[in-house]
Amino acid sequence: MIEEKEVDRALSEAREAFSKSEYLKLRDMSNDLLRDAILNEETQLIELSLLCYALYKIASKSNLRRRPEWEKFKKDMLHLLKRAEEKSQTREELDKVLREMLELTSSFYENLGIYIDNVVEKARLKQAIRAYSMGLSLGQAAALTGVSKGRLLSMIGKTKIHDRHEAKTAIERYKDLKGFLEG
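Under our numbering, the first residue of the sequence shown is numbered 1, with each subsequent residue one higher.
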């Protein structure tokens, strides 16, 4: 399990990046959080990873940021991020706030009426594909992100993940992973 201070740090960084409109940082955070979630089997980090990726996808569209609904959404999201950072949070309370943030993101995106797909579900699928490409089994990647195995398999078949050629030998990859985990 990961320490609470790591989750607090990630929440603080996400709030800061979102408030300062550093949306590319949110994308990078989503990748880092996914890796940490995989290594530590931490569900709160995967939810935060999904949130960061979904916020990045929404905020990267300048036409959405110019919409009148954007300011209210941003204000509400910053409030929830601040609430999630509160030190008095129990694990269950934090899980609830994370769900609220994902629901707020979904409803904002859906209420715009521009896009058919739900941005949070797209984030789940994208992160599941990324987790699979990092070495998790199909079942593990699906379970971690909450995506069905069938949908994940269908999307993996449309990617070129299976065509990627690894330049390093298995021994080199093992040494790299061992070094990463040790320090």
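Glycine included, each C-beta is placed from N, C-alpha and C at the ideal position.
Start-to-end residues for the alpha helix (DSSP H) that takes in residue i
i, result
"Lys20", "Taken as a continuous stretch (DSSP letters only), Lys20 belongs to no alpha helix (DSSP H), as it is neither H nor E."
"Tyr109", "Arg91 to Leu112"
"Val119", "Val119 to Ser133"
"Glu42", "That residue, Glu42, is in no alpha helix (DSSP H); it is neither H nor E in DSSP."
"Thr145", "Leu138 to Thr145"
"Arg83", "Glu69 to Glu85"
"Ser154", "Lys149 to Lys158"
"Arg173", "Ala170 to Glu182"
"Arg65", "Ser62 to Arg65"
Among the options, nearest to residue i - alpha-carbon criterion
i, options, result
"Leu33", "Lys5, Gly113 and Leu48", "Leu48"
"Lys57", "Phe180, Leu136, Thr159 and Gln127", "Gln127"
"Ser62", "Ser21, Lys82, Arg91 and Arg99", "Ser21"
"Tyr53", "Tyr132, Met29 and Lys175", "Met29"
"Ser148", "Leu125, Ser133 and Lys158", "Leu125"
"Leu112", "Leu177, Leu136, Val97 and Arg65", "Arg65"
"Gly86", "Ser107, Glu172, Glu41 and Ser12", "Gly is not the amino acid found at residue 86; the sequence shown has Glu there. That would be Ser12, whose Cα lies nearest to the Cα of Glu86."
Touch check for the stretch 140 to 149 and the stretch 98 to 118: three-plus C-beta pairs under 8 Å? No, the stretch 140 to 149 is not in contact with the stretch 98 to 118.
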